[in-house]
Amino acid sequence: MGSDTSPPGQRSAEPLVGRAAELDLIRSFIDESARRGGALLLSGEPGAGKTVLLDAAAAAGSAAGIRILRAAGAEFEADVIFSGLNQLFLPLHGEFGRLSTEHAEALSVALGLGDGPSADRHVISTAALALLRQVAADCPVLLITDDLPWLDRASAVVLGFVARRVTGSRIGFLAAARSCAESFIERGDLPGHDLQPLDAEAAAALVSARFPALAPRVRERLLAEAQGNPLALLELPAALSGAQRAARRALPSVLPLSRRLQALFASRLTDLPAHTRHLLLLAVLDGTGDLRVLQAAAAGRREVEDLAPAEKARLVQVDESTGRLAFRHPLTRSAVIELSTSDERRQAHQALAGQLADQPERRAWHLAEAAVEPDEHVAVLLEDAARQILRRGDAVGSVTALIRAADLSPRGPDRSRRLAEAAYIGADVTGELRNVSQLLADARSADPEYRGSMSAAVAASYLLLNGEGDVDTAHRLLAGALEGRAVSYDATNSTLIEALHTLLLVCFFGGRAELWDPFHAAIARLAPHAPTVLAVQARTFADPARTAVPALGQLDAVISGLADEADPVQIVRIGIAAVFVDRLAGCREALWRVVRDGREGGAVTSAIDALTLLCYDGFISGRWDEARRLADEGLDLCEAHGYQVLAWPGRYHKALLAAACGDQESARALADEMNRWAAPRRIRAVQLYSSHARALAALGRGDFEDAYQQAVA
Numbered sequence: 004m005g006s007d008t009s010p011p012g013q014r015s016a017e018p019l020v021g022r023a024a025e026l027d028l029i030r031s032f033i034d035e036s037a038r039r040g041g042a043l044l045l046s047g048e049p050g051a052g053k054t055v056l057l058d059a060a061a062a063a064g065s066a067a068g069i070r071i072l073r074a075a076g077a078e079f080e081a082d083v084i085f086s087g088l089n090q091l092f093l094p095l096h097g098e099f100g101r102l103s104t105e106h107a108e109a110l111s112v113a114l115g116l117g118d119g120p121s122a123d124r125h126v127i128s129t130a131a132l133a134l135l136r137q138v139a140a141d142c143p144v145l146l147i148t149d150d151l152p153w154l155d156r157a158s159a160v161v162l163g164f165v166a167r168r169v170t171g172s173r174i175g176f177l178a179a180a181r182s183c184a185e186s187f188i189e190r191g192d193l194p195g196h197d198l199q200p201l202d203a204e205a206a207a208a209l210v211s212a213r214f215p216a217l218a219p220r221v222r223e224r225l226l227a228e229a230q231g232n233p234l235a236l237l238e239l240p241a242a243l244s245g246a247q248r249a250a251r252r253a254l255p256s257v258l259p260l261s262r263r264l265q266a267l268f269a270s271r272l273t274d275l276p277a278h279t280r281h282l283l284l285l286a287v288l289d290g291t292g293d294l295r296v297l298q299a300a301a302a303g304r305r306e307v308e309d310l311a312p313a314e315k316a317r318l319v320q321v322d323e324s325t326g327r328l329a330f331r332h333p334l335t336r337s338a339v340i341e342l343s344t345s346d347e348r349r350q351a352h353q354a355l356a357g358q359l360a361d362q363p364e365r366r367a368w369h370l371a372e373a374a375v376e377p378d379e380h381v382a383v384l385l386e387d388a389a390r391q392i393l394r395r396g397d398a399v400g401s402v403t404a405l406i407r408a409a410d411l412s413p414r415g416p417d418r419s420r421r422l423a424e425a426a427y428i429g430a431d432v433t434g435e436l437r438n439v440s441q442l443l444a445d446a447r448s449a450d451p452e453y454r455g456s457m458s459a460a461v462a463a464s465y466l467l468l469n470g471e472g473d474v475d476t477a478h479r480l481l482a483g484a485l486e487g488r489a490v491s492y493d494a495t496n497s498t499l500i501e502a503l504h505t506l507l508l509v510c511f512f513g514g515r516a517e518l519w520d521p522f523h524a525a526i527a528r529l530a531p532h533a534p535t536v537l538a539v540q541a542r543t544f545a546d547p548a549r550t551a552v553p554a555l556g557q558l559d560a561v562i563s564g565l566a567d568e569a570d571p572v573q574i575v576r577i578g579i580a581a582v583f584v585d586r587l588a589g590c591r592e593a594l595w596r597v598v599r600d601g602r603e604g605g606a607v608t609s610a611i612d613a614l615t616l617l618c619y620d621g622f623i624s625g626r627w628d629e630a631r632r633l634a635d636e637g638l639d640l641c642e643a644h645g646y647q648v649l650a651w652p653g654r655y656h657k658a659l660l661a662a663a664c665g666d667q668e669s670a671r672a673l674a675d676e677m678n679r680w681a682a683p684r685r686i687r688a689v690q691l692y693s694s695h696a697r698a699l700a701a702l703g704r705g706d707f708e709d710a711y712q713q714a715v716a
């Protein structure tokens, strides 16, 4: 391997993120060694940025008038005698005349510049030191050597001799090596500095500076995997596709490595026995670190004792007291995957699935990864797993499982249905509104009868509502699907219930009484009865003035259970049921959980809804500064993800706040903006938002007639 493992963007010509202390140390070392000589050995994990710090040292030394001599160990030259010394001393060939004949000849022969027998190593070492002292008498000298473990033995012996004798000579010796890597230079008596990974703040700053468009959840995953390694921080995003960086496509469970990262992290794996690599592959794909699972999956073929070579290479830690295995660096896992074949991975997944009969979700994923052709049995298992995942609050994981289930579906209608469900969840929960059109197009291609699919109607109507605000077309799609001949009003049918929740929102934004008739008719037909949250919403949100009171007991009960609710969709729906009956205070903590999840890249659409509800709660409870911040955050998310309709409640709250604070101009401008957008689309709810803001503004200026006219509008 060559010496240049510095990350792109981390060259000395650019500010080094998170390395201020190291740069101060190097500058201090250069100043001191230029006066009195000295040695310093930098160590750190592969990709930590050792080379870039050596570059910075070279630049600083040159600027200070110091003569720089550089060399780097290389794997292909590790057995070439004096190859490292040749790199360092060849530029000094013109100075050999200042040495004694014995020393000049010894160095010339060692460097391949002269003929004759090779001198004793001690003579060569003494000659090298003498030459450096002669040159340093004219100006300070700094020897910079990278990748010490790949330096040939003969050169390492000479440089070790020199490094221990530079004090008082205006000669500096600065070298770098990987932590724990063996080299021929005795390090024990040389001053050293261990280069630590970047801290969390610096790592985030580095990634954000180079990849500002990374989706938040992708950034968090990369930061976790890189563990502060600068090269990994900059190479991991580059190894992803554009869709993966934008979170339009799910990241794999084990991240791919760029060529540079693979070269760094895979190099120590290639020398391991095949048995050991197989166990490591099982460990990576299992992901739990449970030695019992590995033992069972490898039964008859491998023993856990075969992990010993990986332990000795410091790739893994095995704790026999807890029965757990852990990789010392997450990217070693990626390297294990990169070095395995597709057939080896499929066999390993199949072996692991055989040990997970009591864990159907994990078993389904392993079977899916082991499959080489469509398999309806595995697709059904994954579809069931997707619903379990969604109930736990992981909408992104649910979409991923549904798309994989669609890939494994032998029949077009099943593939179409699963893609349409993924599209709906993507739009309704994860914030991937821009991907919905492609998923729906794929669903249409998979099934000629696509138009009759309830899942497709739900996804398409949600896209119409939140994309362009086409309430009427969205309503026709849903009402038509609900009135289809094949519809069974089974209250346990999750797709049907999702259709009704979406229809409720369509009717609300439409704001016209006639839109509600298909919704109420469908609710009445549900058997044995409507799910609790939907039933409560139908009373407290659809027509609260007339129907809310009998449902308040049920609403209070579901609010009291929010502490144990993980599904962001359910939390938001309960908040929606509470908004018009003064129950939002009981939902605050749960809604904040949804917001935090969205900030971390989880359920983004649910986070927008939660921000809207918390904003309204802040307005009516007098926390106006908080409400204003929440409105701005929600609007930023709407703009980033293309949610036009969901942006209007945020603007509505900003208009209310402006009116309440006496900012008549801003309140009027926002109200006008709402009307201009809503009127041609017949979105009555947004027009009512405008009237509310106008009424409050009119009260503020004492125009009670206008306030009355707006209030009754």
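Be aware that the sequence shown starts at 4, since it is given in the working numbering, and climbs by one per residue.
For every residue, glycine included, the Cβ atom is placed at its ideal position computed from N, Cα and C.
Starting from residue 263, follow its DSSP beta bridges and name the residues at the other end.
Paired residue(s): none; residue 263 is not in a bridge.
Examine the ligand SAM and report whether any of its heavy atoms sits within less than 7 Å of the Cβ of residue 338.
With respect to the ligand SAM, the structure shown offers nothing to examine, as it has no ligands at all.
For a minimum of 3 consecutive residues, which ranges assigned as the beta strand (DSSP E) are wholly contained in the stretch 126 to 168?
144 to 149
DSSP state of residue 493, grouped into three classes?
strand
Under 8 Å between C-beta atoms of residue 385 and residue 289:
no
Do residue 521 and residue 555 count as a contact pair if the criterion is CB distance below 8 Å?
no
Within this structure, are the beta carbons of residue 173 and residue 132 separated by less than 8 Å?
no
Just verifying my parser: in three-state terms, what is the DSSP assignment at residue 520?
helix
Which runs of the alpha helix (DSSP H), 4 residues or longer, sit entirely within the stretch 11 to 62?
23 to 39
If you pair each beta-carbon of the stretch 597 to 609 with each one of the stretch 574 to 581, do three or more pairs fall below 8 Å?
yes
Can you name, in chain order, every residue of its own chain whose Cβ lies under 6 Å from the Cβ of residue 365, other than the five neighbours on each side?
359
Less than 8 Å between the CB atoms is what I'm expecting for residue 114 and residue 88, so what's the real figure, rounded?
6 Å
Between the C-alpha atoms of residue 140 and residue 54, what's the straight-line distance to the nearest angstrom?
28 Å
Should residue 142 be labelled buried (16 or more other beta-carbon atoms within 10 Å of its own) or exposed?
exposed
Would you identify the three-state DSSP class for residue 71, choosing helix, strand or coil?
strand
Between the beta-carbon of residue 257 and the beta-carbon of residue 340, is there less than 8 Å?
yes
Three-state class that DSSP yields for residue 362 in the structure shown:
coil
Can you tell me where the alpha helix (DSSP H) with residue 96 in it begins and where it stops?
Premise fails: residue 96 is in no alpha helix (DSSP H) and is neither H nor E.
Mind the definition here: the stretch 226 to 234 touches the stretch 307 to 314 only if three or more C-beta pairs lie below 8 Å; say whether that holds.
no
Hey, how far is the Cα of residue 171 from the Cα of residue 96?
24 Å
Secondary structure of residue 221, DSSP reduced to three states:
helix
Given residue 511, which residues of its chain have a CB within under 8 Å of its CB, disregarding the five upstream and five downstream residues?
544, 545, 688
Let me check understanding here. Comparing Cα to Cα, which of 122, 199, 245 lies closest to residue 23?
199
Considering only the beta carbon of each residue, do residue 271 and residue 238 sit closer than 8 Å?
no
Is the stretch 653 to 669 touching the stretch 691 to 700 in the sense that three or more CB pairs, one from each, lie closer than 8 Å?
yes
Between 551, 249, 635, 147, which lies nearest to residue 614 when the distance is taken from Cα to Cα?
635
With a threshold of 16 other CB atoms inside 10 Å of the CB of residue 713, please say whether the residue is buried or exposed.
buried
For residue 260 and residue 337, believed in contact at Cβ under 8 Å, the rounded distance:
5 Å
Verify whether the separation of the beta carbon atoms of residue 41 and residue 154 is less than 8 Å.
no
According to DSSP, is residue 199 helix, strand or coil?
coil
Residue environment, residue 441, which counts as buried when at least 16 other CB atoms sit within 10 Å
exposed
Express the C-alpha separation of residue 642 and residue 508 in angstroms, rounding to a whole number.
20 Å
Beta carbon of residue 374 nearer than 8 Å to that of residue 383
no
Test item: CB-CB of residue 460 and residue 443 under 8 Å
no
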